[in-house]
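Data first, discussion second: the structure below is written as structure tokens.
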Amino acid sequence: MEGDRPAADHIGMPIRSLPGPTRSGPNPERAGDPRSVAFRARARRALGVGLLALALAGCATPPAKPARLTFWSDRSDRAELGTFARHLVQLRRYDRLDSLADSLQRCDCRFDDGASRLAAYEFFGMRTVSDPRDPARWEEQLAHLREWAEARPQSVHAPVALAEALIGRGWAARGGGWARDVSDRGWRGFGEDLREARQILDHCAAVSKATPSWYEAMLDVMQALGTDRATYDSTYAEAVARFPAYDRFYIDRSWYLLPRWYGEPGEWERAAAECAPALPDSLRDELYARIVVFQSAYEKDLFRASPGLDWDRTRRGLETWQRHYPSSPEPTSALALFAYQTGRLDVARGAFRHLGNNVHVDVWPVTADYVQARQKLLGS
Numbered sequence: 069m070e071g072d073r074p075a076a077d078h079i080g081m082p083i084r085s086l087p088g089p090t091r092s093g094p095n096p097e098r099a100g101d102p103r104s105v106a107f108r109a110r111a112r113r114a115l116g117v118g119l120l121a122l123a124l125a126g127c128a129t130p131p132a133k134p135a136r137l138t139f140w141s142d143r144s145d146r147a148e149l150g151t152f153a154r155h156l157v158q159l160r161r162y163d164r165l166d167s168l169a170d171s172l173q174r175c176d177c178r179f180d181d182g183a184s185r186l187a188a189y190e191f192f193g194m195r196t197v198s199d200p201r202d203p204a205r206w207e208e209q210l211a212h213l214r215e216w217a218e219a220r221p222q223s224v225h226a227p228v229a230l231a232e233a234l235i236g237r238g239w240a241a242r243g244g245g246w247a248r249d250v251s252d253r254g255w256r257g258f259g260e261d262l263r264e265a266r267q268i269l270d271h272c273a274a275v276s277k278a279t280p281s282w283y284e285a286m287l288d289v290m291q292a293l294g295t296d297r298a299t300y301d302s303t304y305a306e307a308v309a310r311f312p313a314y315d316r317f318y319i320d321r322s323w324y325l326l327p328r329w330y331g332e333p334g335e336w337e338r339a340a341a342e343c344a345p346a347l348p349d350s351l352r353d354e355l356y357a358r359i360v361v362f363q364s365a366y367e368k369d370l371f372r373a374s375p376g377l378d379w380d381r382t383r384r385g386l387e388t389w390q391r392h393y394p395s396s397p398e399p400t401s402a403l404a405l406f407a408y409q410t411g412r413l414d415v416a417r418g419a420f421r422h423l424g425n426n427v428h429v430d431v432w433p434v435t436a437d438y439v440q441a442r443q444k445l446l447g448s
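In this text, residue positions in the sequence shown follow the numbering used here: the first is 69, and each later residue adds one.
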């Protein structure tokens, strides 16, 4: 650092630039004569300073600039798939939309971090428009999706896609803030669209109701409209019985069980610990870790806010997640965050080393927090 530089001007000068003998005459007592006692004393002092300068050269050199961070986010991949799906909607390629959704469901296609591509197709494709604040964008989207449902009445996915768009427009009208801050107009638009979405989902054919997309949309509508807990719970139980490995059900339920919605303090944590009993233990641990990472978006220090969380299980789940999806920095980023926040600094240090210069901004939304924590543990 600049403030750590030695004050002497000669630090760092090469030895050959130190005072040396001159040829100014035969008198041995002249100051520049190498035979002079005074000269030899000064030379020894200068040589000592020079050697010290060499020894301190590393300290005197300005530190290398830190390597540039590489920022990661999973939203771009999901948004790209959603944009492609909306492009097909605008082109009225309804056959392609059906075949795309069929293939995503059939092969259980995943992103690099293990998230469902089918869920992204629905959320970023059907439940989203390019400008959610523009009513014309929603009208255009809904008009195309109604046309799809009418043109292909046997389509498994068209009615669910229409319901998804209504859910999206309803939430755009309401906004994502607290209920007390929503305007009367926002509540009205929200209620109208969510009730229509519920009606469409209720009247779907059996083949549509046998898809994970239908269940996820229905559970979201029930949560938004405040459907009674018994009905919600029975629909959730049916969903996970049919699709036990579809992680969005468990993640969405943890959101439903937040105290700000319909849960009691500690309830989502207990539900996360008990979910997916039919899955192997390693996958249950990974699912548990995914729920914890999802919930960390709502709390700056999740383990402090939720002391009932199981650290050992979270760590096992994150490590399993990383083994299953080695190209994603998300699980190790989460391990670094949680370990650092809970004072497990050796674990955090290892996670930071594994990450290198990568930072996952969905896990560490404040880059300065990441940099500060890494500098504290690694010194760089």
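The C-beta atom is built at its ideal place from N, Cα and C for all residues, glycine as well.
Can you give me the Cβ contacts of residue i inside the same chain, cut-off strictly under 6 angstroms, excluding the 5 residues immediately before and after it?
i: Leu156; result: Arg164, Leu165
i: Cys177; result: Arg185
i: Ala265; result: Ala231, Leu234, Ile235, Val289
i: Ala241; result: Gly254, Gly257, Phe258
i: Ser395; result: Asp180
i: Asp249; result: none
i: Tyr300; result: Met290
i: Pro327; result: Pro333
i: Ala217; result: Ala226, Pro227, Leu230
i: Tyr314; result: Pro280
i: Arg110; result: Caution applies to Arg110, whose pLDDT of 46 falls short of 50 and renders its modelled position unreliable; the value that the coordinates give is listed next. Same-chain partners within the cutoff: there are none.
i: His428; result: Trp140, Pro397, Glu398, Ser401
i: Thr138; result: Asn425, Asn426
i: Arg136; result: none
Just to confirm, is the Cβ distance from residue i to residue j under 8 angstroms?
i: Gly193; j: Leu149; result: yes
i: Ala187; j: Arg381; result: no
i: Thr279; j: Val228; result: yes
i: Asp353; j: Arg310; result: no
i: Trp140; j: Asn426; result: yes
i: Asp202; j: Arg237; result: no
i: Glu337; j: Leu377; result: yes
i: Asp320; j: Glu284; result: yes
i: Ile268; j: Tyr318; result: no
i: Pro312; j: Ala346; result: yes
i: Ser350; j: Thr388; result: yes
i: Ala344; j: Leu386; result: no
i: Arg220; j: Tyr162; result: yes
Buried or exposed for residue i, please, with buried defined as at least 16 other CB atoms from any protein chain shown within 10 angstroms of its CB.
i: Pro433; result: exposed
i: Arg160; result: exposed
i: His212; result: buried
i: Ala292; result: buried
i: Cys272; result: buried
i: Arg195; result: buried
i: Ala305; result: exposed
i: Ala441; result: buried
i: Gln209; result: buried
i: Gln443; result: exposed
Using CA atoms only, rank isn't needed, just tell me which of the options is closest to residue i.
i: Ser401; options: Asp414, Phe420, Trp216, Arg253; result: Phe420
i: Leu413; options: Leu445, Gln440, Leu386; result: Leu445
i: Arg143; options: Arg160, Arg154, Phe179; result: Phe179
i: Glu190; options: Gly418, Ala273, Thr151; result: Thr151
i: Gln222; options: Arg263, Arg372, Ala274; result: Ala274
i: Leu370; options: Tyr408, Arg384, Arg161; result: Tyr408
i: Leu355; options: Glu218, Asp202, Ser322; result: Ser322
i: Pro375; options: Pro200, Thr410, Tyr366, Gly243; result: Thr410
i: Asp199; options: Arg154, Leu326, Glu218; result: Arg154
i: Val361; options: Gly294, Ala340, Ser251; result: Ala340
i: Trp239; options: Tyr304, Arg263, Thr138; result: Arg263
Between which two residues does the alpha helix (DSSP H) holding residue i run?
i: Val427; result: Careful: Val427 lies outside any alpha helix (DSSP H), inside the beta strand (DSSP E) at 426-428.
i: Leu445; result: 435-446
i: Glu208; result: 203-219
i: Met290; result: 280-293
i: Ser382; result: Correcting the residue identity first, residue 382 is Thr in this sequence and not Ser. Looking at the DSSP string, the run of the alpha helix (DSSP H) that includes Thr382 is 379-392.
i: Asp249; result: Unbroken run through Asp249: none, as it is neither H nor E.
i: Arg417; result: 413-423
i: Trp239; result: 226-242
i: Gln409; result: 398-409
i: Trp336; result: 335-342
i: His155; result: 143-158
i: Gln363; result: 349-363
Here's a check: name, in chain order, each residue in its chain whose Cβ is nearer than 7 angstroms to the Cβ of residue i, leaving out the five neighbours to either side.
i: Ala147; result: Phe192
i: Tyr330; result: Arg297, Tyr324
i: Leu423; result: Pro397, Thr400, Ser401, Ala404
i: Ala373; result: Glu367
i: Met286; result: Leu269, Thr303
i: Ser251; result: none
i: Gln158; result: His212
i: Gln390; result: Pro399, Thr400
For the beta strand (DSSP E) containing residue i, name the first residue and the last one.
i: Thr138; result: 138-140
Grab me the residues of residue i's own chain with a C-beta within less than 8 angstroms of its C-beta, minus the 5 sequence neighbours each way, in chain order.
i: His225; result: Leu165, Asp166, Ala169, Asp170, Ser276, Thr279, Ser281
For residue i and chain C, any beta-carbon pair shorter than 8 angstroms?
i: Trp389; result: The structure shown contains no chain C; it is built from a single protein chain.
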